[in-house]
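The block underneath contains the structure these notes are about, expressed in structure tokens.
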């Protein structure tokens with residue numbers, strides 16, 4: 051094993067933090083613990099470097115790295131250690147070895163964990179001949195490129211759906227209350243069980259990204275008998291009635307409902323009227339214009355949590371779209387969803403391979 055303090059130049063002394071009010075906008079990235087924070091008019095580094103979180107990093111995360119590569123002109127604040135590998139050490143190899151490094155025994159601080167420079171210097175990575183380092187880095191570079199490509203493809207398909215919505219409905223000016231499409235809103239009950247159990251209840255996060263996340267569940271108590279009408283069903287539209295101002299009203303379409311999973315009290319199920327396509331209604335509610343209107347009706351004294359009422363949401367004015375046009379658009383969205391599923395399956399396999407290789411190479 052090789053100590054980080056012996057194989058890298060530590061350039062922390064060259065860092066300069068700039069408060070947000072003092073930053074002059076410009077073309078150069080301003081980096082912090084977890085990536086770009088801003089763009090500024092000047093730079094202090096022009097090199098191939100590794101930035102390793104000092105404080106405020108993703109310490110303990112299995113999915114979010116604590117180190118990343120930067121290249122060229124940039125500015126770095128005092129929340130990231132600045133490392134430059136010495137001769138004989140491949141920068142990509144060193145960076146990969148640090149990305150998910152277990153620093154649980156090195157960081158300190160109760161509220162904001164910090165990796166001091168002294169502790170950082172004692173971190174060790176597997177010693178390998180330069181050619182082997184480059185070989186490992188090349189494999190991981192290719193893998194990360196494929197992962198990035200799959201994520202870009204998913205994002206492009208989302209953009210395609212948004213563009214299709216605007217193309218089909220952008221010129222419609224006639225509006226109706228949302229109750230034209232949704233007859234009622236119903237919620238379930240939130241209870242948390244301490245033991246693993248067959249019956250689950252959704253967390254609010256199941257709809258946070260306007261896409262249904264079936265992993266956002268928790269156990270119901272073993273002695274609780276849920277109501278049958280609280281059961282989540284395939285084809286449901288779920289709406290977050292309570293969340294931060296940014297996320298209140300987040301809406302998701304349940305493409306496939308997990309078994310024995312029930313609605314919580316913070317998520318509404320939308321009861322759809324006849325001659326209305328649920329997929330269309332979901333897409334209607336996640337448009338930026340719809341989100342803006344929902345935020346206007348949100349209330350609550352808490353700075354972090356806001357509420358929307360059933361009358362308020364159902365009274366919101368939205369575009370009036372005939373059923374045949376709704377159906378045409380919904381078919382397009384469903385076709386796009388099938389493409390996304392295929393890409394997501396590929397992405398999932400790549401993520402599993404990534405974790406396996408990172409474990410094999412770096413432990």
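Numbering (the numbering used here), first residue to last: 51 to 413.
Ideal placement from N, C-alpha and C gives every residue a C-beta, glycine not left out.
- Counting C-beta atoms within 10 angstroms of its own C-beta, residue 340 has 16 or more neighbours from the protein chains shown and is therefore classed as buried.
- For residue 302, the uninterrupted beta strand (DSSP E) segment begins and ends at 301 to 303.
- In the DSSP assignment, residue 79 is bridged to 89.
- The residue among 233, 387, 247, 337 with its C-alpha nearest the C-alpha of residue 325 is 233.
- Within a 10 Å sphere around the beta-carbon of residue 384 sit fewer than 16 other beta-carbons, which makes this residue exposed.
- By the CB criterion at 8 Å, residue 282 and residue 276 fall outside the cutoff.
- When beta bridges are read from the DSSP output, residue 131 appears opposite 102.
- Within the stretch 343 to 401, the complete alpha helix (DSSP H) segments at least 4 residues long are 360 to 364, listed from N- to C-terminus.
- Using a Cβ distance threshold of 8 Å, residue 81 and residue 116 do not count as a contacting pair.
- Cα atoms of residue 405 and residue 114: separation of roughly 12 Å, rounded to the nearest angstrom.
- The beta-bridge partner set that DSSP reports for residue 227 consists of 367.
- Distance from the CA of residue 343 to the CA of residue 335, rounded to the nearest whole angstrom, comes to 10 Å.
- Taking all protein chains shown into account, residue 356 has 16 or more neighbouring C-beta atoms within 10 Å of its C-beta and is therefore buried.
- Taking a contact to require three or more Cβ pairs closer than 8 Å, the stretch 306 to 313 and the stretch 364 to 373 do not qualify as touching.
- By the CB criterion at 8 Å, residue 359 and residue 314 fall outside the cutoff.
- For residue 191, the enclosing alpha helix (DSSP H) covers residues 180 to 219.
- In its chain, beyond the 5 residues on either side, 327, 329, 330 have a beta carbon closer than 7 Å to the beta carbon of residue 380.
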